[in-house]
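Comments concern the structure below.
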Amino acid sequence: MLVRVAGRFVKFVKSFSHHFKSYRHDVSDKARQYACGLMQAGVRKNMDRMEEVVPGSNSRNLQQFLTHSKWDARAVIDQVGSEVDAHLGDKKSAALLIDESAFAKQGSRSVGVARQWLGRLGKVDNGQVAVFGALANGRFVAPIDVRLYLPKQWTQDPERCKKAGIPEVDRVFLTKEQQALMIVEHAIAMERRFGWVGADAGYGKTPSFCLALDRMGQQFVVDLHSDLRVYLQDPHPYIPERKSNRGPKFKRYRSDAKPVEVKDVVKRFELASQPTLKVRRTTRGPLKVRVLRVPVYVWDGKSATAAKWSLVATQTLAKRPEVKISLTNAPESTDLARLAWMQLQQRYWVERAFEDGKSECGMADYQVRKWSAWHHHMAIVMTAMLFMLSERIRHQENLPLLSCADIEELLSRFLPRRDVTREEVLRQMGQRHRRRQAAIESRTRVALARGASATG
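First residue of the sequence shown: 1, per UniProt numbering; consecutive thereafter.
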C-alpha cells in the first residue's frame, strides 16, 4: 500500500548501509538523512533545507558526509545498476541509453565547471556536464552509470585538479564519446542485460561512435546530424598505386565514390510517401509516424572496408512534422515497426527520467565543489531514482499513472519530520540569516581584494 511507502523507503536505503561503514567509521545515518532530505526538502533540495525538515540532520555534517567521507560512490552506483537490471534488464526489449545532462553553475571552482554547451539551456554557458548510461525497458527508465566530463582547461591544469580533489588517474582528458564507450564497456563487464545501445545526435556527428559499438559486437540505434555523409553504394576503398618508382608509396585509403548527406538521402527516397506506423501510445492517443529504411555504407576514410548498415528516418504527422534520422546495425530482417520503436520510444522516456531526477530527486541541487562530493551526491540521487522506479513497477497494475512527483509528495508527507515549534522556526531563520551574512561578507572581501590588486 502507498501509505507504507515511507517505511519501504527507509528499509530500501538501509539495504545500501554496508557501503557507508568501515572498521573506523559509520556514516550510514548521514546517508539516510541525505536520501530523506532529497525527498523532503521541497523545491530547493539543498543541505540547508534538509536540515530544516530531516530530524537529527545538520547541514555541516551532511556537507562532511559528501565531501570528506571515504565511502565508494562507484560501489553504490554499481549496486544501483544491478538492481535496475533486475527490474528492467532484458536481452531483447531493454536498451542501454547514453544521455548527457547539464548543470548550470556559477563561479570557477566547482569540479569540471566551464563555459560549454549546456543542452538543458540550449546555449553555451557556465556549468558542468555529465554523461549518463540509463537502462530502459518500455516506459521505465533509470540511470545505472555516470561520468563527469572534464574540459581540457581542467585536465591541462594540475593545480586546479588537485584543489578539486580529482584523483590523478582521472586527470586525463576524455571526450564525451570516450566516456560513453566506457559506460558501455562497464555495463558489459557488469553483465547488464540490454538488446541495443541508443544515443542522441551528439554521438552521431561522425561515424566513430557507431563503428566502435559495432566492433564491440553491440547493436545500436544512434541519431545523426543531418549533414553526416554516407554512401548508397559500397565505396570500395583502395590504396592508389604509384605511377612511377619515384616518391613515397601511398598509405591512405581513397574512394572514387561520392558520399551523400543523410538529409539528402531522406529527400531522395521521399519520406513523406512512406508507410505510416503506430509507435507508442500517448496521453493524446497513439503516436503515428512515417518510417523509411535505406541500406547505406558508412566509411570513416581510414579503413580498408566500409560498414553496411541501415539509415532509419521517421516523420511525425503533426502540422509541423518532425524528422529524426538514425543509423543502426540491426539485422536487415528487423521489422520496420520495431526499428521505429527503438528509435523513438526509448529516447522519449529517458528524457522524462532525467526531468524527474532533477525536479523530484534533487539531481541538480547540489552545493559541492569537490570531485568526490559530486560523485557522492549523484550516487545517492541514483539510489533515490531506483526506489521511485521500484515503486512505479510495484503499483503499475493498480496505479498505472503513479509518477515520481506522486512518490516524492507521499514521502515528504509520511517520512518523519523535524518538529516545527516556534523556537525551531526562529532558530532556522536565525541560521539562514547568519549564513547569508557570512556569504555577503565573503563576497565583499573578494571584491575588495580584487580592487586592491587592480589598483596596486
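Idealized CB from N, CA, C, for every residue including glycine.
Remember, it's a predicted structure, so these values are computed and weren't measured experimentally.
Taking only the alpha-carbon atoms, compute the straight-line gap between Ser303 and Val260 and give it to the nearest angstrom. Cα to Cα, the separation comes out at about 19 Å.
Where Ala438 and Arg445 are concerned, what is the direct C-alpha to C-alpha distance, given to the nearest angstrom? Roughly 11 Å separates the two Cα atoms.
Could you check how far apart the C-beta atoms of Thr328 and Val221 are, in whole angstroms? I think they sit under 8 Å. The beta-carbon distance between Thr328 and Val221, rounded to whole angstroms, is 5 Å. This is short enough to meet the 8 Å contact definition.
Can Tyr297 and Pro207 be called in contact, C-beta distance under 8 Å? It is not a contact, given that the beta carbons lie outside the stated cut-off.
Excluding sequence positions up to five away, which residues of its chain have a Cβ less than 7 Å from the Cβ of Asp72? Taken in chain order, the residues that qualify are His19.
Option nearest Ala164 by Cα separation, candidates Leu174, Lys176, Leu150, Glu177: Across the set Leu174, Lys176, Leu150, Glu177, the C-alpha of Leu150 shows the shortest separation from the C-alpha of Ala164.
What is the DSSP secondary structure of Leu174, counted as helix, strand or coil? Looking at Leu174 - three-state DSSP - the assignment turns out to be coil, as it is neither helix nor strand.
Around the Cβ of Asp26, are there at least 16 other Cβ atoms within 10 angstroms (buried) or fewer (exposed)? An exposed status is given to Asp26, since fewer than 16 other beta-carbon atoms sit within 10 Å of its beta-carbon.
So is Tyr23 buried or exposed if we call it buried at 16+ other beta carbons inside 10 Å? By the neighbour-count criterion, in which 16 or more other beta carbons inside 10 Å mark a residue as buried, Tyr23 falls on the exposed side.
So, using beta-carbon positions, are Val169 and Arg147 closer together than 8 Å? The Cβ-Cβ distance between Val169 and Arg147 does not fall below 8 Å.
For the stretch 127-185, which segments carrying the alpha helix (DSSP H) assignment without a break, of at least 4 residues, lie completely within its bounds, in sequence order? Taken in chain order, the complete alpha helix (DSSP H) segments of 4 or more residues contained in the stretch 127-185 are 152-155, 158-163.
Helix, strand or coil: which one does DSSP assign to Asp26? Looking at Asp26 - three-state DSSP - the assignment turns out to be strand.
Limits of the unbroken beta strand (DSSP E) element including Leu309: Reading off the sequence shown, one finds Trp at residue 309, where the question assumed Leu. Its beta strand (DSSP E) spans residues 307-316.
Take Leu344 as the anchor and find which of Phe354, Arg139, Val279, Ala187 has the nearest alpha-carbon. Nearest C-alpha to Leu344: Val279.
Should Ala447 be labelled buried (16 or more other beta-carbon atoms within 10 Å of its own) or exposed? It is exposed - the Cβ of Ala447 has fewer than 16 other Cβ atoms within 10 Å.
Can you name, in chain order, every residue of its own chain whose Cβ lies under 6 Å from the Cβ of Leu38, other than the five neighbours on each side? Lys45, Cys361, Gly362, Ala384.
Using the C-alpha atoms, what's the distance from Met50 back to Gln153? Cα to Cα, the separation comes out at about 34 Å.
Restricting to Cα atoms, I'd like to know which of Arg268, Pro237, Val265 is closest to Tyr253. The residue with the shortest Cα to Cα distance from Tyr253 is Pro237.
Quick one: using the 10 Å Cβ neighbour count with 16 as the cut-off for buried, is Ser110 buried or exposed? Looking at its Cβ environment, which holds 16 or more other Cβ atoms inside 10 Å, Ser110 is buried.
Residue from Ala353, Arg436, Val230 whose Cα sits closest to the Cα of Gly301: For the options Ala353, Arg436, Val230, the alpha carbon positioned closest to that of Gly301 is the one of Val230.
What does DSSP give as the partner residues of residue 470 in its beta bridges? Since the displayed the chain opens at 1 and closes at 456, residue 470 lies outside it and no answer follows.
So, at 7 Å on beta carbons, what are the nonlocal neighbours of Gly28 in its own chain, with the 5 sequence-adjacent residues on each side left out? Reading off the sequence shown, one finds Ser at residue 28, where the question assumed Gly. So the qualifying residues of the chain are Ser17, Phe20, Lys21.
For Asp48, name the three-state secondary structure that DSSP assigns. Assigned with DSSP and collapsed to three states, Asp48 falls in helix.
Check whether the stretch 51-68 and the stretch 77-89 are in contact - that is, three or more C-beta pairs closer than 8 Å. Too few Cβ pairs lie closer than 8 Å, so no.
Taking its Cβ as the centre, do 16 or more other Cβ atoms sit within 10 Å of Phe173, making it buried, or is it exposed? It counts as exposed.
Assuming Gln128 contacts Val113 (C-beta within less than 8 Å), just tell me the rounded distance between them. Between Gln128 and Val113 a beta carbon distance of about 5 Å is seen, short of the 8 Å cut, so the two are scored as contacting.
Is it buried or exposed, Arg4, if we count other Cβ atoms within 10 angstroms and call 16 or more buried? Exposed, by the Cβ-count rule.
Go ahead and label Ser326 buried or exposed: buried means 16 or more other beta carbons lie within 10 angstroms of its beta carbon, across all protein chains shown. Around the beta carbon of Ser326, a 10 Å sphere encloses 16 or more other beta carbons of the protein chains shown; the residue is thus reported as buried.
Would you call the stretch 54-61 in contact with the stretch 350-360, where contact means no fewer than 3 C-beta pairs closer than 8 Å? Too few Cβ pairs lie closer than 8 Å, so no.
Val266 (DSSP reduced to helix, strand or coil): Correct three-state label for Val266: helix.
Quick check: Leu135 and Phe194, are their CB atoms within less than 8 Å of each other? Yes, the Cβ-Cβ distance between Leu135 and Phe194 is below 8 Å.
Local conformation of Phe220 per DSSP, three classes: Phe220 falls in the strand class under three-state DSSP.
Where in the stretch 287-365 do unbroken runs of the alpha helix (DSSP H), each at least 4 residues long, occur, reported from the N-terminal end onward? For the stretch 287-365, whole alpha helix (DSSP H) runs of length 4 or above, ordered along the chain, are 336-359.
Please classify Gly198: does DSSP put it in a helix, a strand, or coil? DSSP places Gly198 within a strand segment (E or B) once states are collapsed to three.
Under three-state DSSP, which class holds residue 467? Beyond the ends of the chain as shown, which are 1 and 456, falls residue 467; an answer cannot be given.
By the 10 Å Cβ neighbour count, where 16 or more other Cβ atoms means buried, how is Ile144 classified, buried or exposed? Ile144 comes out buried.
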